[in-house]
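Take a look at the structure below.
2 protein chains.
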Amino acid sequence: MSVFSAVAEPHRRQILDLLREGEMSAGELVERMDLSQPGVSKHLKALREAGLVAVRVHGRRRVYALEPEPLEEIVDWLEPYRMLWSSRLDRLEHHLRENP
Amino acid sequence: MSVFSAVAEPHRRQILDLLREGEMSAGELVERMDLSQPGVSKHLKALREAGLVAVRVHGRRRVYALEPEPLEEIVDWLEPYRMLWSSRLDRLEHHLRENP
DNA sequence: AGGAAATATTTCTGTACAGGCATATGGGTG
DNA sequence: CACCCATATGCCTGTACAGAAATATTTCCT
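Line by line, the protein sequences give chains A and Z.
Take 1 as the starting number for the first sequence in full-length UniProt numbering and just add one per residue.
Take 1 as the starting number for the second sequence in full-length UniProt numbering and just add one per residue.
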């Protein structure tokens, strides 16, 4: 599964957002989300395979940590578009400056 | 369909990439892509509904233009992650790993 | 060793959706 | 008006995948 697809699923984005607060066990994620335990587990598997999270076994807990690097692929893809629309905004600014 | 899902499909990303070169008719897009005409047309519909492209009717042609603004939602979502990995110097590591 | 806790996996069901082909629609031209 | 071109839409099939419930697995604790 591509990083793009991994991130297309709202629950998976929510998991990543939660992990931005810091490492968290699978159970803690389940508590914080409105989704069944198997559901969360399955999404965690997808995120693992996309390289977006890393697991550390701690006792019987699995502690998950954010691994944001693969997101760079999306950032890189977006880059030319950002330039596009900022140049458009520049044009708009320019236009407004000339026609107040 | 969310912007995230719209962009998750490789053919749709390809369409957007092509449109970065400038406006283009549907037929021109079909010529440039390895996908049937109906296939391209369906993806164009999805992109229209996501607000990522705009159509202009010109004779019997439909001329499509890039409308990059909705991508900002993705950029905004990514922003905290960019800060995360730049603060952790993951970005530098990544860069050094690829350019030793 | 036995049981409980934490998590993963399997199984099932429904749904979404991509792709191809055939067909409809709408505008342009003779 | 009849015909052609460009594009959209319908229909069909296969596949991927999300969610729920039940079950398996691993590890800790006593």
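All C-beta atoms, glycine included, are put in the ideal place defined by N, C-alpha and C.
Interface flag, residue i vs chain A, CB-CB below 8 Å
{"i": "Z/Arg32", "result": "no"}
{"i": "Z/Arg13", "result": "yes"}
{"i": "Z/Pro38", "result": "no"}
Chain Z contact for residue i (CB, 8 Å cutoff)
{"i": "A/Tyr64", "result": "no"}
{"i": "A/Ala8", "result": "yes"}
{"i": "A/Glu23", "result": "no"}
{"i": "A/Arg20", "result": "yes"}
{"i": "A/Glu49", "result": "no"}
{"i": "A/Glu69", "result": "yes"}
{"i": "A/Ser5", "result": "yes"}
Beta-bridge pairing of residue i - partner residues as DSSP gives them
{"i": "A/Met33", "result": "Bridge partners of A/Met33: none, in fact."}
{"i": "A/Val53", "result": "A/Leu66"}
{"i": "A/His58", "result": "A/Arg61"}
{"i": "Z/Met24", "result": "Z/Tyr64"}
Bounding residues of the beta strand (DSSP E) (the contiguous stretch that carries residue i)
{"i": "A/Leu66", "result": "61-66"}
Burial state of residue i (16 or more Cβ within 10 Å)
{"i": "A/Arg12", "result": "buried"}
{"i": "Z/Glu73", "result": "exposed"}
{"i": "Z/Pro68", "result": "buried"}
{"i": "A/Ala65", "result": "exposed"}
{"i": "Z/His58", "result": "exposed"}
{"i": "Z/Met24", "result": "buried"}
Element boundaries [alpha helix (DSSP H), containing residue i]
{"i": "A/Ser5", "result": "3-8"}
Exercise. Check each residue of the segment 71-88 of chain A: if its Cβ is closer than 9 Å to any Cβ of chain Z, include it; give the result in chain order.
Key: Leu71, Glu72, Ile74, Val75, Trp77, Leu78, Pro80, Tyr81, Arg82, Leu84, Trp85, Arg88
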